[in-house]
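Colleague: This structure is in structure tokens; I'll ask about it shortly.
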Amino acid sequence: MTSYVPVELSVHVQAGDAHSLHLAIRGDLDYDSIDAFTHTVNSALDAHAEQHGPALRHVHLDWAGLTAIDSGGLSALIGVGRRTHSAGVTVHLHRQPGHLTRLLEITGVDGYLTGHTDAGDRATADAGGDAASAPVP
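Converting from the sequence shown to this note's numbering requires adding 6 to each position, the first position being numbered 1.
Shown next, in the form of structure tokens:
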């Protein structure tokens, strides 16, 4: 039997503009890493607000490097959604691996995260290759 070796989480904040913020998630988003994930995302949101004021409209999360996610990671993602939605910010999920998509579907969170996509966001998502794109309530 092959044992699983955890992959350390990293969240890379990529350049954006006044209206968008891009974050690339790599590694395992699990019970052991949710505090670091939440801290990094909140720090990026705070820094963006400090630099640009309330201009942020889109947070792009690139999941291509996600190796694992558990219920703690899912909870952290929902928490990011709560914060961004309350500020009128749309969250875009890019390059989701199958295990993330399946977790979102099985738990019903996919509907929660993608239930309010308007036609403009859907067209942007289709053009940009998003796996899912939606405002998060």
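We put the CB at the ideal spot given by N, CA and C, even for glycine.
What would DSSP say about residue 91, mapped onto helix, strand or coil?
Modeller: In this structure, residue 91 counts as helix in the three-state DSSP scheme.
Colleague: Do residue 76 and residue 101 have their beta-carbon atoms positioned less than 8 Å apart in this structure?
Modeller: No, Cβ-Cβ distance for residue 101 and residue 76 is not below 8 Å.
Colleague: Please report the distance separating the alpha-carbon of residue 61 from that of residue 46.
Modeller: Cα-Cα distance, rounded: 20 Å.
Colleague: Quick check: residue 86 and residue 64, are their CB atoms within less than 8 Å of each other?
Modeller: Against a cut-off of 8 Å, the Cβ pair of residue 64 and residue 86 comes out as no contact.
Colleague: What is the residue span of the beta strand (DSSP E) that residue 62 lies within?
Modeller: Segment: none, residue 62 is in no beta strand (DSSP E) and carries neither H nor E.
Colleague: Going by DSSP, what residues sit across from residue 23 in a beta bridge?
Modeller: DSSP, once it has assigned bridges, lists 26 as partnering residue 23.
Colleague: Would you say residue 66 and residue 92 are within 8 Å of each other, going by their C-beta atoms?
Modeller: It is not a contact, given that the beta carbons lie outside the stated cut-off.
Colleague: May I ask you to list the residues that DSSP assigns as paired with residue 71?
Modeller: Looking at the DSSP assignment, residue 71 forms a beta bridge with 32.
Colleague: For residue 90, is the classification buried or exposed, using 16 other Cβ atoms within 10 angstroms of its Cβ as the cut-off for buried?
Modeller: By the neighbour-count rule (16 or more Cβ atoms within 10 Å), residue 90 is buried.
Colleague: By Cβ distance, which residues of its chain are closer than 7 Å to residue 78, with the 5 residues on each side in sequence left out?
Modeller: These residues qualify, in order along the chain: 36, 37, 40.
Colleague: Alpha carbons only, please: which of 116, 113, 34, 80 is nearest the one belonging to residue 15?
Modeller: When only C-alpha atoms are compared, the closest one is 34.
Colleague: Between residue 17 and residue 31, how many whole angstroms is the CB-CB distance? I'm expecting something under 8 Å.
Modeller: Correct: roughly 6 Å between the Cβ atoms.
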